[in-house]
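In the numbering used here, the protein residues as written are 31 to 278.
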Ligand code: HPA
């Protein structure tokens, strides 16, 4: 049987409407996850919820213990993850408050602990990562979006994962655009590849919260980001609700 977890990002530290059954604080060989994992019922379906940046939101993207987070979910029986994250919009259609379900990524991060397969190995492991996101979960999100009038998601996009915590320069965004990237965020790697290493389905539900650097004349302020998060998160919740409704 499938067991779904939602990893919450900026603006999603708690899952409204989640009927809490339990809170668990597992430890893993990699350390502790970002926060206690909430086990609850959402729309009558049991799910787990983990806030990626801690609760309260204090862990920056490059300091997240991604291995502990993914291992803790795996050890809790999870085999499917929807990762919610805030991103900047690079290409024309990636307007603020739009929800994007990326189908590809490019990893520009560095110095992150990004594999379970590095010590005490019996043999070297190379996972297949041709398609980094789960088509099954992506399809579910896309179908759910089609049933909610107010939501017009973008189904095809390349997610550039940057190191952060600073935002990018104009030249960096130009380079990402040349590379073919549509959105830019800081958290989908190594989350996606660690989930793949543990054979878990993983897809992103990304909310655009600002135009990427140099895409407008204005500088990017936390105020702009927070306002778009507030405005867009309602649709993210509606999308997740619709997705779970379709599973009943
Ligand atoms: N760049 C990188 N990460 C982000 C951005 C951005 O513009 N907005 C939200 N997360």
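A virtual CB, placed ideally from N, CA and C, is assigned to each residue, including glycine.
A quick note: this is a predicted structure, and the numbers were derived from the prediction, not measured.
Ranked by Cα distance from residue 145, the first of 103, 227 and 218 is 227.
When rounded, the separation of the alpha-carbon atoms in residue 263 and residue 153 is 43 Å. Taking a C-beta distance under 8 Å as the contact criterion, residue 203 and residue 268 do not qualify as a contact pair.
Boundaries of the beta strand (DSSP E) around residue 236: 231–241. Residue 106 is positioned such that its CB atom lies closer than 8 Å to that of residue 78.
With contacts defined by Cβ atoms closer than 8 Å, residue 164 and residue 233 form a contacting pair. In the three-state DSSP reduction, residue 193 falls in the coil class, being neither helix nor strand.
Distances between the C-beta of residue 256 and the heavy atoms of the ligand HPA are all 7 Å or more. The Cβ atoms of residue 237 and residue 112 do not sit closer than 8 Å to each other. Between residue 109 and residue 230 the beta-carbon gap is near 5 Å, inside 8 Å, which marks them as a contact. The region 202–220 makes contact with the region 113–124; the number of CB pairs closer than 8 Å reaches 3 or more. Below 8 Å, too few C-beta pairs join the region 243–257 and the region 42–60 to call them touching: fewer than three.
In the structure shown, the three-state DSSP call for residue 101 is helix. When C-alpha distances from residue 86 are compared across 179, 220 and 66, the shortest belongs to 66. In this structure, the C-beta of residue 216 approaches the ligand HPA to less than 7 Å from one of its heavy atoms. Counting other Cβ atoms within 10 Å of its Cβ, residue 206 reaches 16 or more and is therefore classed as buried. Sequence-distant Cβ neighbours of residue 139 in its own chain, meaning closer than 8 Å and more than five residues away, are 92, 191, 192, 193, 216, 219 and 220.
In this structure, the beta-carbon distance from residue 36 to residue 130 does not fall below 8 Å. DSSP places residue 258 within a helical segment (H, G or I) once states are collapsed to three. Nearest Cα to residue 266 within the set 88, 243, 183 and 197: 183. The three-state reading of DSSP puts residue 227 in helix, counting H, G and I together. In its chain, beyond the 5 residues on either side, 269, 272, 273 and 276 have a beta carbon closer than 7 Å to the beta carbon of residue 174. If the five residues before and after residue 243 are omitted, its C-beta is found closer than 8 Å to the C-beta atoms of 118, 197, 198, 199, 200, 202, 203 and 250, all from its own chain and listed in chain order. At least 8 Å separates the beta-carbon of residue 58 from that of residue 116. 89 is the residue among 189, 247 and 89 whose C-alpha sits nearest the C-alpha of residue 43.
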